[in-house]
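The block underneath contains the structure these notes are about, expressed in structure tokens.
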Amino acid sequence: MKSNNSFFIMLLTIRCLTLVCVSQDFDFFYLVQQWPGSFCNIQRNCCYPTTGKPAADFGIHGLWPNYNNGSHPSNCDPDNPYDESKISDLIILMQNNWPTLACPSGNGTKFWAHEWNKHGTCSESVLSQHQYFKAALDGKKAVDLLQTLEKADIKPNGTSYSLNQIRKAIEDAVGFPPGIQCTVAPSGNRQLYQVYVCVDTSGKKFIRCPLMPKEKCGPSIEFPSF
Ligand SMILES: *[C@@H]1O[C@H](CO)[C@@H](O)[C@H](O)[C@H]1NC(C)=O
Ligand SMILES: *[C@@H]1O[C@H](CO)[C@@H](O)[C@H](O)[C@H]1NC(C)=O
Ligand SMILES: *[C@@H]1O[C@H](CO)[C@@H](O)[C@H](O)[C@H]1NC(C)=O
């Protein structure tokens, strides 16, 4: 009788914990893309992937679960590590859209494993490994940053553009203003480095960012070639 009771209580406890975990995992995602030209023209530690120089296009940095208070969960489930066999059908797309630029040159596995283990595991109640990487790839395709900017006559040719003009072009495509981060170009000017858009917890819908990442861009920023 006693043991039956404690088993029942244990079940209840597990159910409650599970409910809490599922509903308070995270509040939204940042989908972060980076311009390789602004990483590689300043970082002595930029190395092209073993598969070759990436296309002159924005690359995915990550899809990061975040809290509305600005902090973010990380490394949420060591028992569900990156498993490339689960995403073998996505590898070619990943190589083309999510290239590693870290040194020494790698084939991407280390980068993707880091992104899943640190960030992806924190949204595993919503997205499986395959769904997580697919959501990031689909998000990048839906924004199509380079084409969006080029349509607004903003080209990666070393010219400076107004930050507002860049933000507006992306807002017109996504529906909401993006967060924009810069690095310092060799010229000393700020240059377009990372673009943040926000995605709801399903990983499928763009939303207005509950809060913007820290930005350090001037009113006019360079868009270097790659
Ligand atoms: C932010 O919110 C999360 C989830 O509610 C919480 O776990 C975390 O401690 C909060 N962090 C800060 C810095 O308030
Ligand atoms: C990358 O290299 C590692 C180690 O050699 C290997 O296990 C992995 O399958 C490779 N990944 C890809 C995408 O080629
Ligand atoms: C870069 O492209 C823009 C937009 O087409 C153009 O206005 C600008 O003159 C170009 N700059 C250079 C250096 O070619």
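For the record, in the sequence shown the residue sitting at position 34 is 33 according to numbering that gives the first Met the number 0, with numbers rising by one throughout. Glycine included, every Cβ here is placed at the ideal spot set by N, Cα and C.
- Assignment of W63 by DSSP, reduced to helix, strand and coil, places it in the strand class.
- The beta carbon of G61 sits closer than 6 Å to the beta carbons of V31, E114, H118 from its chain, once the five residues preceding and following it are set aside; these are given in chain order.
- Distance check between N68 and each of D143, K139, F25 places F25 closest, using alpha-carbon atoms only.
- The set of residues with any CB-heavy atom separation to ligand 2 below 6 Å comprises, in chain order, E83, I90, N106, G107, T108.
- Under the three-state reduction of DSSP, C197 is assigned to strand.
- Between the region 147 to 156 and the region 117 to 137, the count of C-beta pairs closer than 8 Å stays below three; the two stretches do not touch.
- For N74, the distance from the CB to the nearest heavy atom of ligand 1 is not below 7 Å.
- By the Cβ-count criterion, P53 is buried, with 16 or more other Cβ atoms from all chains shown falling within 10 Å of its own Cβ.
- Between A184 and P98, the alpha-carbon positions lie close to 21 Å from each other.
- In terms of Cβ geometry, P218 and G157 do not form a close pair [threshold 8 Å].
- Here the C-alpha atom of F57 lies approximately 15 Å from the C-alpha atom of A172.
- Annotation for Q42: no beta strand (DSSP E) segment contains it, and DSSP assigns it neither H nor E.
- For Y160, the enclosing beta strand (DSSP E) has its first and last residue at 159 to 161.
- Beta-bridge partners of L210 (DSSP): none assigned.
- Under the three-state reduction of DSSP output, F225 falls in the coil class, being neither helix nor strand.
- Here V31 carries a strand assignment [DSSP, helix/strand/coil].
- Between I59 and G105, the alpha-carbon positions lie close to 16 Å from each other.
- Put simply, of Q193, L100, S124 the residue whose alpha carbon is nearest the alpha carbon of N79 is S124.
- Here DSSP, grouped into helix, strand and coil, assigns G58 to strand.
- Straight across, the Cα-Cα distance linking L191 with I169 is about 13 Å.
- In this structure, ligand 1 has a non-hydrogen atom nearer than 7 Å to the beta-carbon of S70.
- Short of 8 Å from the beta carbon of F175, and not among the five residues preceding or following it, lie these beta carbons of its own chain, in chain order: V196, C197, F205, I206, R207, C208.
- Judged by DSSP in its simplified three-state form, I165 adopts helix.
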